[in-house]
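Participant:
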Amino acid sequence: MESILFFFAAFVRTTVILITASLVVRLLVHRWTLSEDKPSVPVSVNFHFTRKCNYECGFCFHTATDSYLAPLQDAKKALALLKEAGMKKINFAGGEPFLYQSIWPDLQLESVSIVSNGSKIRSSFLRENAAWIDILAVSCDSFNEETNLKIGRGVGLSHVSQLKSIATACRDVGILFKINSVVCRYNVHEDLSIQIAPFRWKVFQVLAVEGENMDASPTGTDGDEPKPKLLRNVEPFLISSAEFDEFCQRHKHVPSIVPEPNHLMKASYLLMDEHLRFLPRGSNNNTPTGSILEVGVKEALLHAGWDEQSFRERGGVYEWTKPLDSGCAAKGASELEW
1 MESILFFFAA FVRTTVILIT ASLVVRLLVH RWTLSEDKPS VPVSVNFHFT RKCNYECGFC
61 FHTATDSYLA PLQDAKKALA LLKEAGMKKI NFAGGEPFLY QSIWPDLQLE SVSIVSNGSK
121 IRSSFLRENA AWIDILAVSC DSFNEETNLK IGRGVGLSHV SQLKSIATAC RDVGILFKIN
181 SVVCRYNVHE DLSIQIAPFR WKVFQVLAVE GENMDASPTG TDGDEPKPKL LRNVEPFLIS
241 SAEFDEFCQR HKHVPSIVPE PNHLMKASYL LMDEHLRFLP RGSNNNTPTG SILEVGVKEA
301 LLHAGWDEQS FRERGGVYEW TKPLDSGCAA KGASELEW
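full-length UniProt numbering numbers the first residue of the sequence shown as 1 and each following residue consecutively.
Rendered as structure tokens:
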């Protein structure tokens with residue numbers, strides 16, 4: 001009997017060791033696939049091709065410090081390089097992209113999305129261009145116009161009514177409609193339950209970015225070198241992580257909500273600026289990379305501060321291409337006076 005128990009115990013120990021070893025091997029393989037030794041694939045790129053904007057959001061982290069606009073042929077070359085490197089989705093952002101809507105080429109990519117404040121979008125543009133736009137994201141931080149004005153989202157028109165008109169037009173022409181909201185000091189206690197029913201509602205914790213909306217030092221200097229004056233000051237808008245979490249808990253019943261606290265945002269976005277450079281946002285080093293036209297995508301990625309694992313953890317990969325039968329020919333779109 002004792003020998004049977006001995007062999008049974010030995011069998012159990014051996015089985016446990018084998019299972020543990022198997023799990024360790026799987027973990028190592030998983031980490032290897034995400035390691036820096038394996039080339040990163042820039043699946044989704046945010047192209048901030050302009051810094052110019054007609055709004056003055058107080059917390060903006062990509063401000064109008066530069067009026068440069070890359071020549072169209074250079075922009076096309078850069079996007080072609082990104083596509084060759086594995087890019088599947090290009091997200092046009094700014095600034096305000098619709099200030100330059102006439103220069104957008106038909107890129108024929110798998111997925112094209114645009115992030116806008118909504119003020120310059122017209123139904124006629126959506127009807128004419130629905131075939132190549134998969135996603136249109138409009139920024140909206142409040143359904144209270146007074147709050148929008150405090151934040152800087154408002155220049156004489158009703159931001160909320162414009163948002164609703166755009167949502168209707170997108171549904172008419174088969175474009176996926178998305179809302180981006182920044183949770184800050186002025187709206188953290190508001191009810192932003194989305195009645196417009198976007199397919200995706202991104203909720204961001206307001207972010208401080210050195211050199212854009214936050215000084216590195218209270219004096220605005222770095223050693224003996226004076227720093228340029230910032231166009232925005234994020235300090236009055238900042239909230240704690242606990243406040244952001246509480247906001248998200250109050251809105252967790254909204255099916256399309258996708259919360260993004262600061263720790264997920266900083267390194268999970270691959271940003272390309274108007275000079276066709278990647279902008280690191282994940283560390284204390286915010287120095288842009290070289291232009292991908294000069295150094296190539298692979299070399300620029302090494303210095304971009306982009307964390308592919310964080311990108312996937314925040315849900316960066318999702319169904320971002322609209323259905324083929326979504327009616328993108330835009331027939332029968334309702335006439336909107338806006």
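Glycine included, every Cβ here is placed at the ideal spot set by N, Cα and C.
1) Starting from the Cα of Ile179, find the closest Cα among Val138, Ala80, Thr168 and give me that residue.
2) Is Phe49 closer than 9 Å to Ala75 when the C-beta atoms are compared?
3) List the endpoints of the continuous alpha helix (DSSP H) containing Arg171.
4) On a Cα-Cα basis, can you pick out the residue from Leu136, Phe199, Thr65 that is closest to Glu274?
5) DSSP on Val43, reduced to helix/strand/coil?
6) Does Glu294 come out as helix, strand or coil in the three-state DSSP assignment?
7) Using a Cβ-Cβ cutoff of less than 8 Å, which residues in the same chain neighbour Glu145 once the five nearest sequence positions on both sides are dropped?
8) Can you give the Cα-Cα distance for Cys53 and Leu99, rounded to whole angstroms?
9) At which residues does the alpha helix (DSSP H) containing Phe311 begin and terminate?
10) If you follow the alpha helix (DSSP H) that Ile151 is part of, which residue opens it and which one closes it?
11) Give every residue of the same chain whose Cβ lies closer than 6 Å to the Cβ of Ile292, excluding the five residues on either side of it in the sequence, and list them in chain order.
12) By DSSP, does Leu82 sit in helix, in strand, or in coil?
13) Can you look up Lys88 in the DSSP assignment and give me helix, strand or coil?
14) Mind the definition here: the segment 265-274 touches the segment 233-243 only if three or more C-beta pairs lie below 8 Å; say whether that holds.
15) Check Leu276 in the structure and name its three-state DSSP category.
16) Should Val25 go down as buried or exposed, given a rule of 16 or more other Cβ atoms within 10 Å for buried?
17) To the nearest angstrom, how far is the alpha carbon of Leu270 from that of Glu190?
18) Excluding the 5 residues flanking Arg200 on each side, which residues of the same chain have their C-beta closer than 7 Å to its C-beta?
19) Using the Cα positions of Cys60 and Asn187, report the straight-line distance between them to the nearest angstrom.
20) Whole angstroms is fine: what's the gap from Cys57's alpha carbon to Val297's?
21) Taking Leu142 as the reference, give the member of Gln73, Ser40, Ser193 with the closest Cα.
22) Could you tell me if Leu136 is buried or exposed, where buried requires 16 or more neighbouring beta carbons within 10 angstroms of its beta carbon?
23) On the criterion of 16 or more Cβ atoms from any shown chain inside 10 Å, does Arg312 qualify as buried, or is it exposed?
24) Looking only at C-alpha atoms, which of Met272, Pro280, Val254 sits nearest to Ala93?
Facilitator: The short version:
1) Locating residue 179 in the sequence shown gives position 179, where the first residue counts as 1. Among Val138, Ala80, Thr168, the Cα nearest to that of Ile179 is on Val138.
2) Counting from one through the sequence shown, the residue named residue 75 turns up at place 75. Counting from one through the sequence shown, the residue named residue 49 turns up at place 49. Yes, they are a contact pair.
3) Counted from its first residue, the sequence shown places residue 171 at position 171. Counting along the chain, the alpha helix (DSSP H) containing Arg171 begins and ends at 159-173.
4) Here the question's residue 274 lines up with position 274 in the sequence shown. The option with the nearest alpha carbon to Glu274 is Thr65.
5) If you number the sequence shown from 1, residue 43 lands on position 43. If DSSP states are grouped into helix, strand and coil, Val43 belongs with coil.
6) Position 294 of the sequence shown, counted from the start, is the residue given in the question as residue 294. Looking at Glu294 - three-state DSSP - the assignment turns out to be helix.
7) As a first step, residue 145 is located in the sequence shown; it is residue number 145 there, counting from the start. Excluding residues within five positions, the ones whose Cβ falls inside 8 Å are Gly154, Ser158, His159, Val160.
8) For the purposes of this step, residue 53 is identified with residue 53 of the sequence shown, where counting begins at 1. For the purposes of this step, residue 99 is identified with residue 99 of the sequence shown, where counting begins at 1. Taking the straight line joining both Cα atoms gives about 8 Å.
9) Numbered from 1 along the sequence shown, position 311 holds the residue referred to as residue 311. Segment 308-313, the alpha helix (DSSP H) holding Phe311.
10) As a position in the sequence shown, residue 151 is number 151, starting the count at 1. Start and end: 145-151.
11) Position 292 of the sequence shown, counted from the start, is the residue given in the question as residue 292. Excluding residues within five positions, the ones whose Cβ falls inside 6 Å are Ala78, Leu81, Leu276, Ala300.
12) As a position in the sequence shown, residue 82 is number 82, starting the count at 1. The answer is helix: DSSP assigns Leu82 an H, G or I state.
13) On the sequence shown, position 88 is the one that residue 88 refers to. Of the three classes helix, strand and coil, the one that applies to Lys88 here is coil, per DSSP.
14) no
15) Along the sequence shown, read from residue 1 onward, the residue named residue 276 stands at position 276. Coil, per DSSP.
16) The residue you call residue 25 lines up with position 25 of the sequence shown. Any answer about Val25 is weak, because its pLDDT of 37 lies below 50 and its placement is not dependable; what the coordinates show is given next. Exposed is the call here.
17) On the sequence shown, residue 270 is found 270 positions in, with the first residue counted as 1. On the sequence shown, residue 190 is found 190 positions in, with the first residue counted as 1. Their Cα atoms are separated by approximately 31 Å.
18) Reading the sequence shown from its first residue, position 200 is the one you call residue 200. Here the set comprises Lys178, Ser256, Val258.
19) What you label residue 60 is simply residue 60 of the sequence shown in a count that begins at 1. What you label residue 187 is simply residue 187 of the sequence shown in a count that begins at 1. When rounded, the distance between both Cα atoms is 15 Å.
20) In the sequence shown, residue 57 corresponds to position 57, counting from 1. In the sequence shown, residue 297 corresponds to position 297, counting from 1. Whole-angstrom Cα-Cα distance: 32 Å.
21) Your numbering for residue 142 matches position 142 in the sequence shown. A small fix is needed here, since residue 142 is Ser in this sequence, not Leu. Cα-wise, what sits closest to Ser142 is Ser193.
22) For the purposes of this step, residue 136 is identified with residue 136 of the sequence shown, where counting begins at 1. When all chains shown are included, Leu136 counts as buried.
23) In the sequence shown, the residue the question calls residue 312 occupies position 312. Under this definition Arg312 is an exposed residue.
24) As a position in the sequence shown, residue 93 is number 93, starting the count at 1. Among Met272, Pro280, Val254, the Cα nearest to that of Ala93 is on Met272.
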